[in-house]
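In the order they appear, the protein sequences are chains A and B.
Under the working numbering, the first residue of the first sequence is numbered 1, with each subsequent residue one higher.
Under the working numbering, the first residue of the second sequence is numbered 1, with each subsequent residue one higher.
We put the CB at the ideal spot given by N, CA and C, even for glycine.
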Amino acid sequence: MTQPSLIQQAKAGSDIAFSRLVAEHQQAVRAFLRRLCARPDDADDMAQEAFLTAWANLHRLREDAHFRTFVCGIAYRKALNDRRSQNRAIRRDSAWSDLQPQSASSTIDKRVAVEAALHTLPVEQRAAVSLCVAGDYSHSEAAEILGLPLGTVKSHILKGRQKLTELLGVSS
Amino acid sequence: MSDHDPLKALLQETAPPAPPSYDLGFALEVMKRVEKRRLIDGLLALSAFVATLSAILFAVMPYLTPVVNDFGRLLAPALGVMVLIGLSLLALEPVRRMLRI
């Protein structure tokens, strides 16, 4: 069954169609949120909330819009609202992490370094980089998800790339 | 971006563990939340309807009660006659069958 027909059925009240849309797009939404949230569990909980909000607002979904973009947009706004509590959690986690013996694994070190570098970026830049550099989203899809003009998204990506390149010592 | 983007490669290499492409538990949890929201929405709508109806009845009853009482008094004899006729017909039916009228 095609996505437009699933969306049409879901709009008409079909739970089966909506659950199929959830099953098809959950991975993309959760992966995006895992880049924005401090903990995977928080990201998954927020992703569930995002799908719930999408269900309640299905009538607002345009015919030509992609369901993934629609839900990611909702998820991004939820992440923005949740940013304050996330920042508290990050501070708590890094304080805890400082108390732990350093891991010998270079992959984990790299991951921690990348996470730390990503969290120094403003949330708009982090989201734009997560979508278009780490992910496979186009600039126009990212603009739609973030609710920003295309030029602003490109600028966020450029600035984010520059800062990450500097922080991580990656060749540009 | 090209495939030879070192930053992209690093971000992908250090990406948080990817969620599974098929996760029945996640979809079930979402649908559970959908059902819960639907139930809450239904209860809220019903509560609003009941509250509105109660408010309307509360406002209207002082005017409506005399009308209902008068109407009831007028209708009572007619209802009594109709019930009597109905019962008589029911009672007469077996008699009619026995007499084969």
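Practice task
Alpha carbon to alpha carbon, how far is L168 of chain A from R30 of chain A? Give it in angstroms, no decimals.
Solution key: Reading the first sequence from its first residue, position 30 is the one you call residue 30 of chain A. Reading the first sequence from its first residue, position 168 is the one you call residue 168 of chain A. Answer to the nearest angstrom: the Cα atoms are 25 Å apart.
Practice task
Please confirm whether A50 of chain A and I74 of chain A have their CB atoms less than 7 Å apart.
Solution key: What you label residue 50 of chain A is simply residue 50 of the first sequence in a count that begins at 1. What you label residue 74 of chain A is simply residue 74 of the first sequence in a count that begins at 1. Yes, the Cβ-Cβ distance between A50 of chain A and I74 of chain A is below 7 Å.
Handout entry: Beta carbon of S138 of chain A nearer than 7 Å to that of P6 of chain B
Key = Residue numbering aside, residue 138 of chain A sits at position 138 when the first sequence is read from its first letter. Residue numbering aside, residue 6 of chain B sits at position 6 when the second sequence is read from its first letter. No, these two residues do not count as a Cβ contact at 7 Å.
Handout entry: Interface partners of A23 of chain A on chain B, CB under 7 Å
Key = Within the first sequence, residue 23 of chain A is the residue found at index 23, counting from 1. Per Cβ cutoff of 7 Å: Y22 and A27.
Exercise for the section: Return the CA-CA distance between E141 of chain A and A45 of chain B, expressed in angstroms with no decimal places. Expected result: In the first sequence, counting from the first residue as 1, residue 141 of chain A sits at position 141. In the second sequence, counting from the first residue as 1, residue 45 of chain B sits at position 45. For E141 of chain A and A45 of chain B, the distance between alpha carbons rounds to 37 Å.
Practice task
For A79 of chain A, collect the residues of the same chain with a Cβ closer than 8 Å to its Cβ; drop the 5 residues on either side in sequence, then sort them by chain order.
Solution key: Start at 1 with the first residue of the first sequence, and residue 79 of chain A comes out as number 79. For A79 of chain A, where only same-chain residues beyond five positions count, the Cβ hits under 8 Å are L33, L36, C37, M46, Q86, V123 and A127.
Practice task
Please list, in chain order, all residues of the same chain as K11 of chain A whose beta carbon is under 6 Å from its beta carbon, the five residues on each side excluded.
Solution key: The count along the first sequence starts at 1 and reaches residue 11 of chain A at position 11. For K11 of chain A, where only same-chain residues beyond five positions count, the Cβ hits under 6 Å are L58.
Practice task
Could you check the C-alpha separation between T2 of chain A and A51 of chain B for me, to the nearest Å?
Solution key: As a first step, residue 2 of chain A must be located in the first sequence, where it is residue number 2. As a first step, residue 51 of chain B must be located in the second sequence, where it is residue number 51. Going from the Cα of T2 of chain A to the Cα of A51 of chain B covers about 44 Å.
Practice task
Flag this pair as yes or no: are the beta carbons of K8 of chain B and V133 of chain A separated by less than 7 Å?
Solution key: Counting from one through the second sequence, the residue named residue 8 of chain B turns up at place 8. Counting from one through the first sequence, the residue named residue 133 of chain A turns up at place 133. Yes; because the gap between Cβ atoms is below 7 Å, this pair is in contact.
Problem - Limits of the alpha helix (DSSP H) - the one that A43 of chain A falls within - result: Counting from one through the first sequence, the residue named residue 43 of chain A turns up at place 43. It spans P40 to A56 - the alpha helix (DSSP H) in which A43 of chain A sits, taken as one unbroken run.
Problem - the stretch 8–22 of chain B: positions lying closer than 8 Å to chain A by Cβ - result: K8, L10, L11, Q12, E13, T14, A15, P16, P17, A18, P19, P20, S21 and Y22
Practice task
Give a yes or no on whether 7 Å exceeds the smallest Cβ distance from R38 of chain B to chain A.
Solution key: For this step, residue 38 of chain B is matched to residue 38 along the second sequence. Chain A contact via Cβ: absent.
Practice task
Quick one: grab the DSSP three-state call for L79 of chain B.
Solution key: On the second sequence, position 79 is the one that residue 79 of chain B refers to. Helix, per DSSP.
Problem - Local conformation of C132 of chain A per DSSP, three classes - result: Position 132 of the first sequence holds residue 132 of chain A. The answer is helix: DSSP assigns C132 of chain A an H, G or I state.
Practice task
Measure the alpha-carbon distance for D23 of chain B versus A23 of chain A and round it to whole angstroms.
Solution key: Within the second sequence, the letter at position 23 stands for residue 23 of chain B. Within the first sequence, the letter at position 23 stands for residue 23 of chain A. So the two alpha carbons sit approximately 7 Å from each other.
Exercise for the section: Establish whether the CB of Q26 of chain A and some CB of chain B are separated by less than 7 Å. Expected result: Here residue 26 of chain A is taken as the residue at index 26 of the first sequence, counted from 1. It does; some Cβ of chain B falls within 7 Å.
Handout entry: Spatial distance of L87 of chain B from M98 of chain B (CA atoms)
Key = For the purposes of this step, residue 87 of chain B is taken as the residue at position 87 of the second sequence. For the purposes of this step, residue 98 of chain B is taken as the residue at position 98 of the second sequence. Distance between the alpha carbons of L87 of chain B and M98 of chain B: 18 Å.
Practice task
Output, in chain order, the set of chain A residues within a Cβ distance shorter than 8 Å of R100 of chain B.
Solution key: As a working note, residue 100 of chain B is residue 100 in the second sequence. By Cβ distance, chain A contributes nothing, its closest Cβ being about 59 Å from R100 of chain B, past 8 Å.
Problem - Three-way DSSP call (helix, strand, coil) for Y22 of chain B in this model - result: For this step, residue 22 of chain B is matched to residue 22 along the second sequence. In this structure, Y22 of chain B counts as coil in the three-state DSSP scheme.
Practice task
Mind checking which residues open and close the alpha helix (DSSP H) that includes P4 of chain A?
Solution key: Indexing the first sequence from 1 puts residue 4 of chain A at position 4. Per DSSP, P4 of chain A belongs to the alpha helix (DSSP H) from Q3 to K11.
Handout entry: Distance CB(V68 of chain B)-CB(W55 of chain A) smaller than 7 Å
Key = On the second sequence, position 68 is the one that residue 68 of chain B refers to. On the first sequence, position 55 is the one that residue 55 of chain A refers to. No, these two residues do not count as a Cβ contact at 7 Å.
Handout entry: Local Cβ density within 10 Å of A55 of chain B, reported as buried at 16 or more and exposed below that
Key = Residue numbering aside, residue 55 of chain B sits at position 55 when the second sequence is read from its first letter. By the neighbour-count rule (16 or more Cβ atoms within 10 Å), A55 of chain B is not buried but exposed.
Exercise for the section: Please work out which residues of its chain come closer than 7 Å, Cβ to Cβ, to I157 of chain A, disregarding the five sequence neighbours upstream and downstream, and give them in chain order. Expected result: For this step, residue 157 of chain A is matched to residue 157 along the first sequence. For I157 of chain A, where only same-chain residues beyond five positions count, the Cβ hits under 7 Å are A128, V129, C132 and V133.
Problem - Beta-carbon spacing of S19 of chain A, M31 of chain B below 7 Å - result: The residue you call residue 19 of chain A lines up with position 19 of the first sequence. The residue you call residue 31 of chain B lines up with position 31 of the second sequence. Yes; because the gap between Cβ atoms is below 7 Å, this pair is in contact.
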